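Enquirer:
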Amino acid sequence: MDHVIPPSRGGTDHLDNLQLLCGACNNVKGDRTQEYLLARLSERAA
Numbered sequence: 001m002d003h004v005i006p007p008s009r010g011g012t013d014h015l016d017n018l019q020l021l022c023g024a025c026n027n028v029k030g031d032r033t034q035e036y037l038l039a040r041l042s043e044r045a046a
């Protein structure tokens, strides 16, 4: 379970702010936003 917007950046534990991520994606995302993760994944796919 991961936060779309991390609590450290003002995110909450509301269902709309939670997502399932694999361990590797969770490590890439860290305490950053969903947009950061998507950008990093699209870089790796290119």
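Here the sequence shown stands for residues 1 to 46, where the numbers follow this note's numbering. Built from N, CA and C at the ideal position, the CB exists for glycine as well. Small disclaimer: the values here were computed from a predicted structure and weren't measured.
Quick check on Asp2: does DSSP put it in helix, strand or coil?
Expert: Stepping through the sequence shown from its first residue, residue 2 is reached at position 2. For Asp2, the secondary structure class from DSSP, reduced to helix, strand or coil, is strand.
Enquirer: If I follow the unbroken alpha helix (DSSP H) through Asn26, where does it start and stop?
Expert: One-based indexing of the sequence shown puts residue 26 at position 26. Here the alpha helix (DSSP H) through Asn26 covers 23-29.
Enquirer: Tell me the DSSP bridge mates of Leu18?
Expert: On the sequence shown, position 18 is the one that residue 18 refers to. Answer is His3.
Enquirer: Please name the residue in Asn26, Asn27, Gly23, Met1 whose C-alpha comes closest to that of Asp16.
Expert: Locating residue 16 in the sequence shown gives position 16, counting from the first residue. Minimum Cα-Cα distance from Asp16 among the listed residues Asn26, Asn27, Gly23, Met1 corresponds to Met1.
Enquirer: Less than 7 Å separating the beta-carbons of Arg9 and Val28?
Expert: Reading the sequence shown from its first residue, position 9 is the one you call residue 9. Reading the sequence shown from its first residue, position 28 is the one you call residue 28. No, the Cβ-Cβ distance between Arg9 and Val28 is not below 7 Å.
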